[in-house]
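Let me begin by presenting the structure, written as structure tokens, before commenting on it.
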Amino acid sequence: MNRKVYIVGPSSTGKTTLVGALALKLGLNFPAVVKEVARNIMMTQGFSRDDVNSLKMQHAILVAQLEREKEGRECPIQICDRSAADPIVYAVLTSNTAEEARIRRNFLVNSPMFQAALEVYRQSTFLLLAPIPEWLVDDGVRLIEKQNQYFGVFKTELQRLGINFRIIGQDMRSQEERVVWVLGLLRC
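Okay, structure coming up:
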């Protein structure tokens, strides 16, 4: 079976940096490495961080993420700096009411593409990165407010979707330590 690793969490938690370090250590390139899909969609389709509450943007990111993942389905290992569950988190958290959150979540979760990916996700390694305040960098693209709130919604949504995950928290700040720890998980 092919191994899939998803590094997820709020913006500026080191997802892409960790994926890059793991790819370097493992000698992986595209399509075995999927990164910056959301940033690419935002830049190519004219979205900004002000559009994070747009269901259209979140759906476009979900579709693009799943398409990129599909390109690497034959790779023995694939490492991604997000998953198609990420847009669900952002759609829920940016809703104005609980009813709106429910509707938006159901729209994304019940899409055929997401449902097809969900079984793969449930058999994959998911690592949720906790926010580290000193790492927050405002680059004009990332949404850096409400990091702890996003982290909490990530935990809740992954649990609701039946996706097992491990947390990499503030106690593991060294990139090398994170890489060694993830590589150890992959050897299990």
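Residue numbering for the sequence shown follows our numbering, starting at 216 and increasing by one per position.
Note that beta-carbon positions come from the ideal geometry of N, C-alpha and C, so glycine has one too.
Remember, it's a predicted structure, so these values are computed and weren't measured experimentally.
| Check | Outcome |
| --- | --- |
| Terminal residues of the beta strand (DSSP E) in which Gln-293 lies | 292-295 |
| CA-to-CA distance, Met-272 to Asn-255, given in whole angstroms | 12 Å |
| Residues of its chain near Phe-366, where Cβ-Cβ distance is below 7 Å and the 5 sequence neighbours each way are ignored | Gly-224, Pro-225, Ala-345 and Pro-346 |
| Sequence-distant residues of the same chain with beta carbon closer than 6 Å to Ile-276, five excluded per side | Ala-253, Ile-256 and Pro-302 |
| Cβ-heavy atom distance, Phe-366 to the ligand COA, below 7 Å | Absence of the ligand COA from the depicted structure is noted, as is the absence of any ligand whatsoever, leaving it without description. |
| Straight-line gap, Glu-315 to Tyr-305 (C-alpha atoms, nearest Å) | 13 Å |
| Sequence-distant residues of its chain with Cβ nearer than 8 Å to His-274 (five each side left out) | Pro-302, Phe-322, Leu-323 and Ser-326 |
| Asn-244 versus Asp-266 - alpha carbon distance | 30 Å |
| Pairwise C-alpha distance: Leu-401 and Leu-343 | 15 Å |
| Proximity below 8 Å, CB of Asn-379 to CB of Phe-341 | yes |
| Contacting residues, own chain, Cβ-Cβ under 8 Å from Arg-357 (five flanking each side not counted) | Confidence is the limiting factor: at Arg-357 the pLDDT is only 47, short of 50, which leaves the residue's position unreliable and the question unanswerable from this model. |
| 4 or more residues per run - each alpha helix (DSSP H) lying fully within the stretch 216-290 | 230-241, 252-259 and 270-286 |
| Backbone CA spacing between Gly-242 and Glu-282 [nearest angstrom] | 22 Å |
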